[in-house]
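Numbering (the UniProt record's numbering), first residue to last: 1 to 366. Don't be surprised by glycine CBs; every beta carbon is placed ideally from N, CA and C. What you are looking at is a predicted structure, and each value in this text was computed from that prediction instead of being measured. One structure is given here, and the rest of the page talks about it.
Okay, structure coming up:
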C-alpha cells in the first residue's frame with residue numbers, strides 16, 4: 001500500500017480544530033482509495049513562539065524536510081501582536097517557510113457553489129451559476145522579498161522606508177508554466193495582471209509572459225490587464241476570468257478580493273507549490289486554507305473545516321498524484337454543503353452545525 005508522508009502544522013486559533021477534521025477525512029479517503037498516512041505534527045506561528053521562542057523553529061523545519069508535503073493550518077492572533085513586527089507569527093513563519101522550500105507558486109481556487117450565492121456581496125444576477133475561477137500568484141519574488149529593504153532616519157530627522165520590487169526572467173517563466181498547466185486543465189484562457197504602464201518589473205513581466213506563452217502554449221488564450229482594472233473587473237464580473245495570473249503583491253490583493261466575492265473564506269483552499277520535487281516526483285507543496293486563525297471563535301467548535309479539507313484534497317492531487325481521491329473529497333464537500341449542511345458562516349438563516357458535524361457530513365458523502 002502506498003504511504004503518504006507529510007508534515008502537519010496546525011498553527012493557531014481554529015487551526016488545530018479544523019486540522020483534526022481534515023485528517024479524519026484523509027484517513028477515510030485512504031481506506032477507500034488504498035493509501036496509508038504517515039504524518040508528524042509540528043509547531044508553527046504563535047504556538048511555536050510560546051513553545052520554542054521563534055515562529056518557525058528548526059525542529060519544525062526538520063519535520064518538513066523529512067516529508068513529501070506540508071498540510072498547514074493558520075498562524076497569528078492578538079496574543080502576539082505586541083511583538084516587534086518581524087517577530088510576529090505571520091511574518092516570522094509564513095515568509096521564512098516559503099523561502100526555505102522555494103514555494104514560488106500559490107494556486108488559489110475561487111469557487112462559489114450556486115447554492116451559496118447568498119454568501120457573496122455581489123448581486124445574484126451577476127453570478128447566477130456561482131463562481132469558478134483560479135488565481136495563480138507568484139510567491140517568492142517581488143516587493144516582499146526584494147533587496148534593499150530598510151527603514152532609516154534622514155539627516156533632517158525624517159524616517160524613510162525602502163522596499164524593492166525585483167523580478168528576473170526565470171522567476172516569471174516558471175510561474176507562467178503553472179498558469180499554463182492550470183489553464184490546460186480548465187477553460188484554456190489566462191489573464192496576466194501587471195502594471196506595465198508604470199512599473200519596470202511589469203514591463204519585463206508582460207514581455208516574458210507574452211514570449212513564453214507564444215513559445216510553449218500558443219493554444220492558450222492569453223490576455224493582459226492592468227491591476228487596477230483587474231480589481232474592478234473582478235468585482236464587476238468575476239466569471240469573465242478563468243485563470244488570473246500575477247506577481248506577488250498584486251496576487252496577495254486580488255486573491256483576497258476573490259475570497260471576499262466568493263463569500264466565506266471558510267470554503268477556500270490554496271496550494272503553494274515548490275520549485276523542487278518530492279521523492280515521488282511530484283511538487284513539494286504547502287497546503288492551507290485561505291482564511292485566518294479566527295481567534296474570536298477559536299475553541300468553540302463552530303469553525304468551518306471545509307477550506308482545510310479542500311486544502312488536503314489539493315495536497316493529494318498536486319504532491320501525491322491521488323487525483324481520484326482528491327476529486328472524491330471535493331465532491332463530498334460539495335454534496336454536504338449543497339445538501340443543506342452548513343456551519344454558521346454559510347448558513348444564511350438555515351440551521352447551522354459545528355466543526356465536527358460538518359466533517360461528519362463530508363465523511364458521509366465520501
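For residue 3, the enclosing beta strand (DSSP E) starts and ends at 2 to 11. Below 8 Å, enough C-beta pairs join the stretch 279 to 293 and the stretch 260 to 270 to call them touching: three or more.
Closest in alpha carbon position to residue 317, among 284, 16, 118, is 284. Per DSSP, reduced to three states, the secondary structure at residue 106 is strand.
Cβ-Cβ distances below 8 Å link residue 88 to 55, 76, 80, 81 in the same chain, with the five nearest sequence neighbours on each side left out; the list follows chain order. Contact annotation, residue 273 with residue 105: C-beta distance approximately 4 Å; criterion of less than 8 Å satisfied. The alpha-carbon separation between residue 34 and residue 363 amounts to approximately 16 Å. Assigned with DSSP and collapsed to three states, residue 217 falls in coil, not helix or strand. Here DSSP, grouped into helix, strand and coil, assigns residue 152 to strand. Distance from the CA atom of residue 32 to the CA atom of residue 357, rounded to whole angstroms, is 21 Å.
Taking residue 92 as reference, the option from 52, 121, 277, 257 with the minimal CA-CA separation is 52.
Residue 217 has its alpha-carbon roughly 10 Å from the corresponding atom of residue 183. In terms of Cα proximity to residue 244, the closest of 227, 260, 236 is 227. Assignment of residue 360 by DSSP, reduced to helix, strand and coil, places it in the helix class. Straight-line measurement puts the Cα of residue 9 at about 26 Å from the Cα of residue 254. Bridge pairing for residue 226: 194 [DSSP]. A contact is defined here as three or more CB-CB pairs under 8 Å, and the stretch 35 to 47 fails this definition with respect to the stretch 108 to 120. At a Cβ-Cβ threshold of 8 Å, residue 225 and residue 193 count as neighbours.
Secondary structure note for residue 308: its alpha helix (DSSP H) is the uninterrupted segment 306 to 320. Beta-bridge partners of residue 274 (DSSP): 103.
8 Å or more divides the Cβ of residue 60 from the Cβ of residue 137.
Scanning its chain for C-beta atoms nearer than 6 Å, with the 5 sequence neighbours on each side dropped, one finds around residue 48 the residues 55, 57, in chain order.
Under a 10 Å Cβ-count criterion, residue 236 is classified as exposed, with fewer than 16 other Cβ atoms of the shown protein chains found around its own Cβ. For the pair residue 29 and residue 302, the CB atoms are not nearer than the 8 Å cut-off. Note that the C-beta distance between residue 146 and residue 171 is not below 8 Å. In the DSSP assignment, residue 289 is bridged to 269. Per the coordinates, the alpha-carbon of residue 261 lies some 23 Å from the alpha-carbon of residue 351. Residues of the same chain with a CB within less than 6 Å of the CB of residue 178, apart from the 5 flanking positions on each side, are 105, 136 in chain order. DSSP, read as helix, strand or coil, puts residue 164 in coil. Here the stretch 64 to 76 lies against the stretch 10 to 22, with 3 or more beta-carbon pairs under 8 Å apart. DSSP, read as helix, strand or coil, puts residue 250 in helix. Counting the other Cβ atoms within 10 Å of the Cβ of residue 314 gives 16 or more, which makes it buried.
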